[in-house]
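Reviewing the structure listed below.
Protein chains: 2
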Amino acid sequence: MANCKQCAIHGGHAFCVRRVPVFAALDDKELSHVASHIHQRTYQKGDILFLEGEPLHALIIIHTGSVKAYRTTPDGREQILYLFQTGDFLGEQNLFENHNASYTVEALETVITCAFSRDSFQALLLEHPVIAIKTIEELSKRIAQLENTLKSLGVRSVDGRIAALLMDYAERFGTIVPEGVLIQLPLSREGIANQLGITRETVSRKLSRMENGGVIRTVGSKRILILDRQTLETTANQMNVI
Amino acid sequence: MANCKQCAIHGGHAFCVRRVPVFAALDDKELSHVASHIHQRTYQKGDILFLEGEPLHALIIIHTGSVKAYRTTPDGREQILYLFQTGDFLGEQNLFENHNASYTVEALETVITCAFSRDSFQALLLEHPVIAIKTIEELSKRIAQLENTLKSLGVRSVDGRIAALLMDYAERFGTIVPEGVLIQLPLSREGIANQLGITRETVSRKLSRMENGGVIRTVGSKRILILDRQTLETTANQMNVI
DNA sequence: CGCGAGCTTGAACATTATCAAGGCAAGTGG
DNA sequence: CCACTTGCCTTGATAATGTTCAAGCTCGCG
Numbered sequence: 629m630a631n632c633k634q635c636a637i638h639g640g641h642a643f644c645v646r647r648v649p650v651f652a653a654l655d656d657k658e659l660s661h662v663a664s665h666i667h668q669r670t671y672q673k674g675d676i677l678f679l680e681g682e683p684l685h686a687l688i689i690i691h692t693g694s695v696k697a698y699r700t701t702p703d704g705r706e707q708i709l710y711l712f713q714t715g716d717f718l719g720e721q722n723l724f725e726n727h728n729a730s731y732t733v734e735a736l737e738t739v740i741t742c743a744f745s746r747d748s749f750q751a752l753l754l755e756h757p758v759i760a761i762k763t764i765e766e767l768s769k770r771i772a773q774l775e776n777t778l779k780s781l782g783v784r785s786v787d788g789r790i791a792a793l794l795m796d797y798a799e800r801f802g803t804i805v806p807e808g809v810l811i812q813l814p815l816s817r818e819g820i821a822n823q824l825g826i827t828r829e830t831v832s833r834k835l836s837r838m839e840n841g842g843v844i845r846t847v848g849s850k851r852i853l854i855l856d857r858q859t860l861e862t863t864a865n866q867m868n869v870i
Numbered sequence: 629m630a631n632c633k634q635c636a637i638h639g640g641h642a643f644c645v646r647r648v649p650v651f652a653a654l655d656d657k658e659l660s661h662v663a664s665h666i667h668q669r670t671y672q673k674g675d676i677l678f679l680e681g682e683p684l685h686a687l688i689i690i691h692t693g694s695v696k697a698y699r700t701t702p703d704g705r706e707q708i709l710y711l712f713q714t715g716d717f718l719g720e721q722n723l724f725e726n727h728n729a730s731y732t733v734e735a736l737e738t739v740i741t742c743a744f745s746r747d748s749f750q751a752l753l754l755e756h757p758v759i760a761i762k763t764i765e766e767l768s769k770r771i772a773q774l775e776n777t778l779k780s781l782g783v784r785s786v787d788g789r790i791a792a793l794l795m796d797y798a799e800r801f802g803t804i805v806p807e808g809v810l811i812q813l814p815l816s817r818e819g820i821a822n823q824l825g826i827t828r829e830t831v832s833r834k835l836s837r838m839e840n841g842g843v844i845r846t847v848g849s850k851r852i853l854i855l856d857r858q859t860l861e862t863t864a865n866q867m868n869v870i
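Residue numbers (the working numbering), protein chains in the order written: chain U, 629 to 870; chain X, 629 to 870.
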C-alpha cells in the first residue's frame, strides 16, 4: 500500500485522521489542526513498534496493516492480547499517567502508523468533549472485547476456544467464497496457540480433527476455509467439557 | 453501614458522589448538581442488581459493599469477570449505545448503590471535559486489569493462577497481622473456581497443598492467612507447567 | 530441485475434571 | 443445650484432556 498518498495529496495527514473513528466527528478545520500534530512511520513485518515496559508518550494509530500486542512470561511464552488493524489505536493507557507500555507490539506485515504526542491529545480532549466521548466509547468496546476473550479463556473448552477464534477471524480476516468463508490467517499455529493459551501441537490436532469432521478445510497453512459455519458456532458456544 | 448518613446530613448525595474518583475534580456547586440526579438503592446479599442481557440506562456506583459481575454459559457455569467494591462504577458500556448489560451483577453482601441516568451523565461529560478524562483514566485502568487477568488465565499454570488470585485478594481484602496478611475471602471456593476457570475441587486441593507447604493457613473457610508471601509471589510468576 | 521453517502426528506422561463419599460448621427447632 | 439439618468444603479414585518430547512431513522459497 502506498505511503499515505492521500495525505500527500491533501497536504497533510487529514486523511489519516479521518480513518480513525475517534476523530470522525471533527470538521475539516479541526481535522487539519489535529493532522498537523501527527508523525508518520513505517514498519516492516517483524519490527517491534514498542516493547513492554518502555515509556510511551504517544497515541499510535494504525493507518495501514496489522500488529499483534502481547506480553511475555519469564519462560519466554507470549500471551497475545490483541490483534490491531487499520483504524485501531493503541497506547491509550499512557496518555494520562506515566505508565509504561503494558505489552509489546509487533508488526505482522508492513505497517504505517500515525503517532500523536500525549500533550496534543490531552489538549484536544479538553477542547473537544466529543472526542472524549468517542474515546470512551472505543474503550468501552475494547473492554467488551476483552470480557469476551476472558470468558472464552475461562470457561470454554479448548475446542470451543478454537471455534470461537475461527468465528472471530472469519469476521475480521475472512472473505466470502462460494464454498463458505475463506480466512487469511494473521498468525502462525504458534501464534494462535499463544492467543488461546495452549500449545501449537494442540492447535494442529484440533484443526486436523475439524478438517476430518468436514467443518473446515485448510488451504496451505496460511488459509482456512470454513465449510460448516453452523457446527462451528455450536462448538463455540459449547460449555466446558460437554 | 448506615444508609448514607452523610448524604442525609448534607441534604443530598454529595458525599456519595465525592467517593467516586471520577467526580473528584468537581467543586461543591457542581457536586451538588451532580448529586441531585442520583437515585439510591439498597440490596441484600444474593440480590441481583441486573441481569446479563437486560437493557440498562444508568451508570451505577457502588457506594457501600461489594458485588460480583459474571457471565453464564449454556451449561450454567459462570465466569466471574470482576469484583467491584466501594467507589467502583459499572454500566459504562451502556452509556452511549443501546447495548444491553454484558454481565449479571450480584450483591455479595449488603450493598448501597447510587444510580445515574444515562442522559444526565452524557450531559455532564459534555459540560465537564475533566470528568470525561477521568472516566477515560478509569476505563484504562480497568483495561489494564483485564489484560492482567487475561494473561493470567492464558499463560499461568493453575498453581500460578491461584497464587496470583491470593496476591490480588491480599491487596484488596487483606489486613496486616503479626503473622502475615489475613484475607477475608469475598467468595466461596466455588466462586474462586469460577473466577479462575477451574473446579471447586481443584481449588480445595491446591489450597490444601499450599497449607501443607506452610505458605498459607486457612482460618475457618472464609479467611486465609498468608504466611509466606515470597513463595506465593514466586508461584504467581511461575510459567506454564515448568 | 533441495533446503528449512513451520506444521503434523505419535506415545508416554502430567494434570485436571468428574463422580462419589464423607466431614465440618453454622443455624434451627425441640 | 443438644440432636438435626443444610450448605459448603475436603478427599479419594478414575477417566478425560492437554502437554511434552521426538520424529517425520509439507509447503514455499531460493
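Glycine included, C-beta positions come from ideal geometry on N, C-alpha and C.
Between the options, which lies nearest to residue i when the distance is taken from Cα to Cα?
i: residue 674 (chain X); options: X:738, X:824 and X:829; result: X:738
i: residue 806 (chain U); options: U:685, U:665, U:686 and U:855; result: U:855
i: residue 684 (chain X); options: X:721, X:762, X:863 and X:707; result: X:721
i: residue 819 (chain U); options: U:695, U:661 and U:682; result: U:695
i: residue 849 (chain U); options: U:704, U:679, U:863 and U:836; result: U:836
i: residue 693 (chain X); options: X:740, X:843 and X:808; result: X:740
i: residue 703 (chain U); options: X:655, X:783, X:719 and X:661; result: X:783
i: residue 719 (chain U); options: U:707, U:842, U:798 and U:743; result: U:743
i: residue 706 (chain U); options: U:755, U:785, U:672 and U:827; result: U:827
i: residue 661 (chain X); options: X:829, X:841 and X:755; result: X:755
i: residue 797 (chain U); options: U:841, U:686 and U:864; result: U:864
i: residue 787 (chain U); options: U:834, U:686, U:671 and U:655; result: U:834
With distances taken between CB atoms, is the gap from residue i to residue j smaller than 8 Å?
i: residue 800 (chain U); j: residue 858 (chain U); result: no
i: residue 688 (chain U); j: residue 717 (chain U); result: yes
i: residue 735 (chain U); j: residue 659 (chain U); result: no
i: residue 811 (chain U); j: residue 852 (chain U); result: yes
i: residue 831 (chain X); j: residue 817 (chain X); result: yes
i: residue 665 (chain X); j: residue 745 (chain X); result: yes
i: residue 795 (chain U); j: residue 839 (chain U); result: no
i: residue 645 (chain X); j: residue 766 (chain X); result: no
i: residue 757 (chain U); j: residue 753 (chain X); result: yes
i: residue 762 (chain U); j: residue 663 (chain U); result: no
i: residue 679 (chain U); j: residue 778 (chain X); result: no
i: residue 647 (chain U); j: residue 715 (chain U); result: yes
If the cut is a Cβ gap below 7 Å, which residues of chain U does residue i touch?
i: residue 720 (chain X); result: 768
i: residue 792 (chain X); result: Those within 7 Å of residue 792 (chain X) in chain U number zero; the least Cβ separation is about 12 Å.
i: residue 830 (chain X); result: Within chain U, no residue comes near residue 830 (chain X); the closest Cβ sits about 13 Å away, beyond 7 Å.
Run through chain U and tell me which residues come within less than 9 Å of residue i, C-beta to C-beta.
i: residue 865 (chain X); result: 701 and 702
i: residue 764 (chain X); result: 720, 723, 724, 753, 760, 763, 764 and 767
Kindly list, in the order they appear in chain X, the residues whose Cβ is closer than 8 Å to that of residue i.
i: residue 707 (chain U); result: 778, 779, 782 and 783
i: residue 862 (chain U); result: Residues of chain X passing the Cβ test: none, with the nearest at roughly 10 Å.
i: residue 689 (chain U); result: Here the premise fails: no neighbours, minimum Cβ distance about 16 Å.
Strictly below 7 Å CB to CB, what residues from chain X border residue i?
i: residue 730 (chain U); result: 772 and 775
i: residue 754 (chain U); result: 757
i: residue 825 (chain U); result: 781, 782 and 783
Mind checking who residue i pairs with in its DSSP beta bridge?
i: residue 696 (chain X); result: X:711 and X:734
i: residue 717 (chain U); result: U:689
i: residue 667 (chain X); result: X:743
Chain U partners of residue i, CB-CB under 8 Å?
i: residue 738 (chain X); result: The contacting residues do not exist; residue 738 (chain X) stays about 27 Å from chain U at best.
List the residues of chain X whose Cβ lies closer than 9 Å to the Cβ of residue i, in chain order.
i: residue 871 (chain U); result: With chain U running from 629 to 870 in the structure shown, residue 871 (chain U) is simply not present.
Quiz prompt | Three-pair Cβ contact test at 8 Å for the segment 728–736 of chain U versus the segment 693–706 of chain U | solution = yes
Practice problem: Kindly confirm or deny that the segment 767–775 of chain U and the segment 768–782 of chain X touch, where touching means at least three C-beta pairs closer than 8 Å. | Solution: yes
Quiz item: Would the segment 787–800 of chain X and the segment 749–765 of chain U be scored as touching if the rule is three or more Cβ pairs under 8 Å?
Solution: no
Practice problem: Indicate whether the contact test is met: 3 or more Cβ pairs, each with one atom in the segment 702–712 of chain X and one in the segment 822–838 of chain X, closer than 8 Å. | Solution: yes
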